[in-house]
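One structure is given below, encoded as structure tokens.
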Amino acid sequence: MDIQPLVISLAKIIIISQVLMGGVAFMTWVERRVSAIIQFRLGPNRVGPFGLFQPIADGIKFLMKDETLPAGSHRPLFLLAPVIAFVTALCAFAVVPFGPIVELFGYTVNLVILDLDGGMLFALAATSLGVYGIVCAGWASRSKYALMGGLRSSAQMVSYELALGLAAVSVFLVNGTLRPTEIVAAQAGWFWNWNVFAGFQLLGFLLFMIAGYAETNRLPFDLPEAESELVAGYHTEYSSMKFSMFFMAEYIAMMTMSALAVTLYLGGFHPGFPTGDLAGWPLWGLQIAAFTGKVGFFMFLFVWVRWTLPRFRYDQLMDLGWKRLFPLALANLAMTALLVAFDVIKG
Amino acid sequence: MTQDGKLGVDWIQTNHPEAILSRGEYAGQHWVQLDAQSLVDVCHGLHGDPDTAYSLLVDVTAVHWPNDPQPMEVVYHLYSVEKNDRLRIKVRCGDEGPVPTLSGIWRSADWNERETYDMFGIRFDGHPDLRRILMPDDYTDFPLRKEFPLYRG
Amino acid sequence: MGGLETVGFIILTTLALASAVVVVFHRSPVISALALAFNLVSIAGFYLLLNAQFLALLQVIVYAGAIMVLILFVIMLLSIANEPGLHRSGFLQTILAPLIALGCAVAMGLAVYRGADGPAYVVSSTDFGTVRDVGTELFSTFFYAFEAISLLLVVAMVGAVLLAKRRL
Amino acid sequence: MLSFSPISLGFQKLVAESRLTVVLLISWSVVMAAGLMFLTHLLPKLFNRAKVKRIDESPYECGMKPYRRVEKHRFSVHFYLVAMLFILFDIEAAFLFPWAVTFRDFAADKLFVLGEMAVFLGILVVGFAYVWKRGALEWE
Amino acid sequence: MDPTMDRSMDATFQRSPEDPDIVTVNMGPSHPATHGVLRLVLKLDGERVRECVPHLGYLHRGMEKIAENRTYLQFIPYTDRMDYLSPLAANVGIVLAIEQLLDLEVPERCSAIRVICCELARLGSHLLWLGTHALDLGAATVFFHTFKDREWHYDLVEDLTGARLTTSFTRVGGMMHDVDKKWLGRLREFIDAMPGRVDEFESLLTTNGIWLKRTQGVGAITREDAIAFGMTGPSLRAAGEPYDVRKQRPYCGYENYEFEVPTGSEGDIYDRYLVRLEEMRQSVRILRQVLDNLPDGPVNVDDPKIFLPAKKRVLTRMEELIHQFMIVTEGFECPAGEVYHSTEVPKGELGFYIVSTGERSPYRLRIRSPSFNNLATLPHLVEGGLVADVVANIASLDPVMGEVDR
């Protein structure tokens, strides 16, 4: 059998996962530096230039921490939980196209790990499995704080998953496909071809972003780990790299959410203007840069919001999810369906 | 100099003269010592009568006079928000009380009486939840009594 | 390719059977539930093997991602581990469960036996198993079934609220 | 054994490729996660001399011994309701995906299919309204 | 005894039978949001708090007992450790009580400096309260903003007293030392900047939708209940009762300064927040008036039996040396009698009830702490509410455990 495509796939997987891990490390630095700027502080600036090596130092620290396993905890599940969270977060990113099909070293490489027909569903499925990591962590710790945090967190995640999925359905309706590469292809050219404009999806985009914030447990929806009441929620009992893996999963999920938003609404890797005669590596270099730039902007937004807003109360958060976002997403879908039916939105 | 508490003491003198055991004044602050039996009645009046309206029970505490026949002196500080007047009421009791609780009139008496019990061992009759508040539950001594040594050793 | 598919089939079968055994025999209900979730995911693998991508993904989203979460919630919320009597099965259960299992096995065996003689299902188009294929069928051929589903869902909704409200 | 009729080799290849990619993806992620878990298990053992004390391993309850074991507690039934509603609307969403994708394909019957979905969603919205009205969405 | 042994929990539960639907959570003493070592046992029915039982005493140091064995002067440093967020205010409180017992008048300049101490302490305390309150509701940035200014405030306190926390700046009949012009200039810089800073905090929170959702209508208490619970300070004023010791019974010449006593109407967390913010502005206003009209003249009373003589004279003259020796080693005698004197500290009414039998140390010294009484309302505020509001309520009451437990 032909082994070559598999080797290319494996190479893509390894490179992308490493880039994501690097992104996580970089984001922890960005988070701390940006929060420091917002708060008139300096932030990490000792380890390496501008403190850039701080994440490495943190990584080493995490690896060297003593391993504590709470007494009475369910060992296998306790150890499995961070793995589940980490793996599902990593898998969800696989369907995001970060560049076009390129010729590289004489091979044709599609710059997406998984070009599935139901690609968006794959991302949703991976996210929905991410709940298990949290539920298991909460339950296996055998601590009230962890269990309550885990329950809250998973209830929150499933609630916002609905709004997230429903908001995305409108995009599928506009583009008539679930395949991310096709969704991106439909948004080529000028930025007014992006779904957020051409597809009349501004509301959907906002809903998607809000639900995305809740889905990744970021402020103002960071209830599951609201340290003021539940100490640290489902990862109260976790330490060392096991804690860090939840942490990494959160950052990867943030990146996935940003990348999905960019893919669905903001033209994916298309820079937003016709690229004209550009071809070959300058073209896809530009496109990857555009993708990275857009995702980077949303990552910055995540950080900015976190250090600016207070946090919702749990009932308010559930209210927002079920009574605001969900009906709004339905209304948005109905509106989009009408626009598509009467050919206001062209396919 | 302000004459704090004169209003209250006079009110008691008019309405419950039999309850007053003694009265006094220092630095413009009047105090009155009441009979423990009539304490609740008098306080009801002081609290409810619009002429006095001592709506705020500022503090409850006690002083231990070990050589007296009635060694415990419970001290209440009242304040009338409307009249801007402070009144000090004292009640004498035996080593462990009892003194009737005032928590039915002022809810602030709840924790303050608990603290007084905790520190002096004075029991407050009718208190809803007379437990130790500052010291551990299994503590046996009453630290603010005079016989409690500062250094044990 | 056939060889690789067989290998995949064998691995998936092993995983599915092993997790099913854990579901039945593990003492802890939480582990059983998690094993069931794993079982459902491996069944999604079968769908993938059969080229039914969409079904596979839905299997994961709906069964593993939603229904098993509910079951886990119930187990964790109500701490069934401590409810006495839940580990003991009633008379009806001991009799009926094997019977139903046997019935299912016979029915499936029959289906396989009959199907073995007939022609294999011929995939009709390159679209087979994709979202588009499912959608086209669903919204034309199975129109009534589709509408009936919404009624079913509403009934379930009402039932859930009524049941929960009794405790609220 | 199982037999499939390949329609076009290209299609078959693509599908097989993506199926194997899924396997590769999951395996690699698990390998990475497991590797990290292993390292964090191994490294402290090699380098740290201090022993983990028993008190470190007690479940966190703000410095107190847990009053009752956590399994003895029952948590709010509301979580159950949320999960149940989530299932139902998740199934609804599962029907929306194929509908959204195929909507344009029914070129002539577009309005019919739109009506079809309107009825489907309409019934569900009635259900949702009922749920809302009954206060099942109030986080009491 | 095992320190984590939990007898009080059992005691709590004997009072109400177990119900498997009620989750019992122990919150504190080692919890990130209980502002020190407050411990609450919460019985939760889902997210609702059915019962809240505070357990105190983790910071109980027996100050009242200690006072009986110290001279009056020796007790001043202990007041630093009561409300450790505003030690200057407590310093002023204790000396005023002792001075009333002695019937001692201090010079005007001394009173003015004491007002500076009180208001500076109020600003510092409220800055910390605002930061931690916002942090408890997830707004971490406000915390850092207020702490930046609090650092400035601490620098001022350090320059004034030589210590950031253990200030012990007051003396009976005077102050540790006079303030100098340079420091007053720095203080003026601080108070000139403060109103703008307060506006900035407000712009971060006051109109923020999430902040309003978390605070408005939450933890409300009526004026009558607040008085019945013995609540004082900003929390009482937020409930609509303009009781402020500075206005009702002025001390240190507060009657000479113009300032308003802000009140709320709902008595909820939002009103407490607004009242404290306004208090910060009023503090600045008072400080400005003090700086503008700081009287000249001596700071300390001229009474060698009570106030330490100047160091230079101690080293050169016999009589002063003896006075110094007597005051330091044996203290001074107070006339037999009893006084209750209270001041308005940032948390509310801080009262000292001193019973003297004519000795060199008080026969009985009672500390009426505002935090203790304010905290007593906590079960009333949180029961029936949501568990997330417990933290918001604790933060809005602004208790300091050093003062609660004493």
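Protein chains in written order, with my numbering: chain A, 323 to 669; chain B, 4 to 156; chain C, 577 to 744; chain D, 10 to 149; chain E, -11 to 394.
Using N, Cα and C, we set each Cβ at its ideal position, and we do this for glycine too.
Members of the segment 630 to 649 of chain A that neighbour chain E once the beta carbon cut-off is set at 9 Å: T630, L631, P632, R633, F634, R635, Y636, D637 and Q638
8 Å Cβ cutoff, S675 (chain A) in contact with chain C: No information on residue 675 (chain A) is available, as it lies outside the stretch 323 to 669 that chain A covers here.
Beta-carbon gap between G162 (chain E) and V287 (chain E) smaller than 8 Å: By 1-based counting over the fifth sequence, the position of residue 162 (chain E) is 174. By 1-based counting over the fifth sequence, the position of residue 287 (chain E) is 299. For G162 (chain E) and V287 (chain E), yes; Cβs fall inside 8 Å.
Y142 (chain B) burial status per 10 Å Cβ neighbour count (16 or more: buried): By 1-based counting over the second sequence, the position of residue 142 (chain B) is 139. Y142 (chain B) comes out exposed.
Given W512 (chain A) as reference, the closest of A:M657, A:A489 and A:G589 once Cα atoms are compared: On the first sequence, position 190 is the one that residue 512 (chain A) refers to. Selected option, being the one with the closest Cα: A:G589.
Straight-line gap, E56 (chain E) to G100 (chain B) (C-alpha atoms, nearest Å): In the fifth sequence, the residue the question calls residue 56 (chain E) occupies position 68. In the second sequence, the residue the question calls residue 100 (chain B) occupies position 97. Roughly 23 Å separates the two Cα atoms.
Contact list for the segment 83 to 95 of chain E against chain B, Cβ threshold 9 Å: Listed by position along the chain: Q88, L89 and D91.
Residues of the segment 93 to 111 of chain D with Cβ closer than 9 Å to any Cβ of chain C, in chain order: M93, L94, F95, I96, L97, F98, D99, I100, E101, A102, A103, F104, F106, P107, W108, A109, V110 and T111
Where Y560 (chain A) sits in the DSSP three-state scheme: Position 238 of the first sequence, counting from 1, holds the residue named residue 560 (chain A). Reduced to three states, the DSSP call for Y560 (chain A) is coil.
Chain-ordered chain D contacts of L484 (chain A) [CB-CB under 8 Å]: Numbered from 1 along the first sequence, position 162 holds the residue referred to as residue 484 (chain A). Under the 8 Å cutoff, chain D gives F95, F98, D99 and A102.
Proximal residues, the segment 487 to 515 of chain A versus chain D, C-beta separation under 7 Å: G487, L488, V491, F494, L495, G498, T499 and L500
Burial state of G8 (chain B) (16 or more Cβ within 10 Å): In the second sequence, counting from the first residue as 1, residue 8 (chain B) sits at position 5. Buried, by the Cβ-count rule.
Given T589 (chain C) as reference, the closest of C:H602, C:R603, C:S608 and C:Y623 once Cα atoms are compared: On the third sequence, residue 589 (chain C) is found 13 positions in, with the first residue counted as 1. Among C:H602, C:R603, C:S608 and C:Y623, the Cα nearest to that of T589 (chain C) is on C:Y623.
Under the three-state DSSP convention, the category H47 (chain B) falls into: Indexing the second sequence from 1 puts residue 47 (chain B) at position 44. Helix.
Rounded Cβ spacing between E391 (chain E) and S359 (chain E) (contact assumed at less than 8 Å): As a working mapping, residue 391 (chain E) is identified with position 403 in the fifth sequence. As a working mapping, residue 359 (chain E) is identified with position 371 in the fifth sequence. At roughly 4 Å, the Cβ-Cβ gap stays under 8 Å, so E391 (chain E) and S359 (chain E) are in contact.
Under 8 Å by beta carbon: chain A residues contacting Q669 (chain C): Taking the first residue of the third sequence as 1, we reach residue 669 (chain C) at position 93. Residues of chain A whose Cβ lies closer than 8 Å to the Cβ of Q669 (chain C) do not exist; the shortest such Cβ separation is about 26 Å.
Any C-beta of chain B under 8 Å from that of L192 (chain E): Taking the first residue of the fifth sequence as position 1, residue 192 (chain E) is located at position 204. With 8 Å as the cut-off, L192 (chain E) does not count as an interface residue toward chain B.
Residue from A:T538, A:I330, A:W644 and A:Y560 whose Cα sits closest to the Cα of F427 (chain A): As a working mapping, residue 427 (chain A) is identified with position 105 in the first sequence. Closest by alpha carbon: A:I330.
Buried versus exposed, by CB contacts within 10 Å (16 or more), H47 (chain B): Taking the second sequence and counting its residues from 1, the one referred to as residue 47 (chain B) is at position 44. It counts as exposed.
Local conformation of K93 (chain B) per DSSP, three classes: The residue labelled residue 93 (chain B) in the question sits at position 90 within the second sequence. Look at K93 (chain B) here: in three-state DSSP terms it is strand.
Short CB-CB distance (under 8 Å) between L633 (chain C) and chain A: The sequence position of residue 633 (chain C) within the third sequence is 57, counting from 1. L633 (chain C) counts as touching chain A.
Contact list for the segment 340 to 370 of chain A against chain C, Cβ threshold 8 Å: none
Cβ-based neighbour list, A583 (chain A), same chain, cut-off 8 Å, excluding 5 preceding and 5 following: Working through the first sequence from its first residue, we reach residue 583 (chain A) at position 261. Result list for A583 (chain A): F527, F530, M531, G534 and F620, in chain order.
Contact check, L26 (chain E) vs I10 (chain E), beta carbons under 8 Å: As a position in the fifth sequence, residue 26 (chain E) is number 38, starting the count at 1. As a position in the fifth sequence, residue 10 (chain E) is number 22, starting the count at 1. In this structure, I10 (chain E) does not lie closer than 8 Å to L26 (chain E) by Cβ.
A520 (chain A) vs W514 (chain A) beta-carbon contact at 8 Å: The sequence position of residue 520 (chain A) within the first sequence is 198, counting from 1. The sequence position of residue 514 (chain A) within the first sequence is 192, counting from 1. Their beta carbons are under 8 Å apart, which means A520 (chain A) touches W514 (chain A) by this criterion.
Residue from A:P404, A:P502, A:A490 and A:A485 with nearest C-alpha to L639 (chain A): As a working mapping, residue 639 (chain A) is identified with position 317 in the first sequence. The option with the nearest alpha carbon to L639 (chain A) is A:A485.
Among A:L655, A:I325, A:S481 and A:L332, the one whose alpha carbon lies nearest that of L495 (chain A): As a working mapping, residue 495 (chain A) is identified with position 173 in the first sequence. A check of alpha carbon separations from L495 (chain A) across A:L655, A:I325, A:S481 and A:L332 identifies A:L655 as the nearest.
Ranges of the beta strand (DSSP E) found wholly within the segment 26 to 93 of chain E, counting only runs of at least 3: 27 to 33 and 36 to 43
For Y142 (chain E) and G150 (chain E), the rounded distance between their alpha carbons: Within the fifth sequence, residue 150 (chain E) is the residue found at index 162, counting from 1. Within the fifth sequence, residue 142 (chain E) is the residue found at index 154, counting from 1. Distance between the alpha carbons of G150 (chain E) and Y142 (chain E) is about 10 Å.
Alpha carbon of S475 (chain A) to alpha carbon of Y454 (chain A), nearest angstrom: Counting from one through the first sequence, the residue named residue 475 (chain A) turns up at place 153. Counting from one through the first sequence, the residue named residue 454 (chain A) turns up at place 132. If you take the alpha carbons of S475 (chain A) and Y454 (chain A), they lie about 11 Å apart.
Min CB distance R143 (chain D) to chain C below 8 Å: For the purposes of this step, residue 143 (chain D) is taken as the residue at position 134 of the fourth sequence. Yes, its Cβ sits closer than 8 Å to a Cβ of chain C.
Cross-chain neighbours of L541 (chain A) in chain E, by beta carbon under 8 Å: To locate residue 541 (chain A), count along the first sequence from 1; it is residue 219. Ordered by position in chain E, the residues that pass the 8 Å Cβ test against L541 (chain A) are G126.
Length of the line joining the Cα atoms of T220 (chain E) and F543 (chain A): What you label residue 220 (chain E) is simply residue 232 of the fifth sequence in a count that begins at 1. What you label residue 543 (chain A) is simply residue 221 of the first sequence in a count that begins at 1. Roughly 35 Å between the two C-alpha positions.
Distance CB(S113 (chain E))-CB(S74 (chain E)) smaller than 8 Å: Position 125 of the fifth sequence, counted from the start, is the residue given in the question as residue 113 (chain E). Position 86 of the fifth sequence, counted from the start, is the residue given in the question as residue 74 (chain E). The answer is yes: Cβ separation under 8 Å.
Proximity to I64 (chain E) [Cα-Cα], best of E:F157, E:H19 and E:I294: Sequence index remark: in the fifth sequence, residue 64 (chain E) carries index 76 (1-based). Between I64 (chain E) and the set E:F157, E:H19 and E:I294, the nearest pair of CA atoms involves E:F157.
Nearest-angstrom Cβ-Cβ length linking V734 (chain C) and F106 (chain D), presumed shorter than 8 Å: As a first step, residue 734 (chain C) must be located in the third sequence, where it is residue number 158. As a first step, residue 106 (chain D) must be located in the fourth sequence, where it is residue number 97. No, V734 (chain C) and F106 (chain D) are not in contact; Cβ-Cβ is about 25 Å, not under 8 Å.
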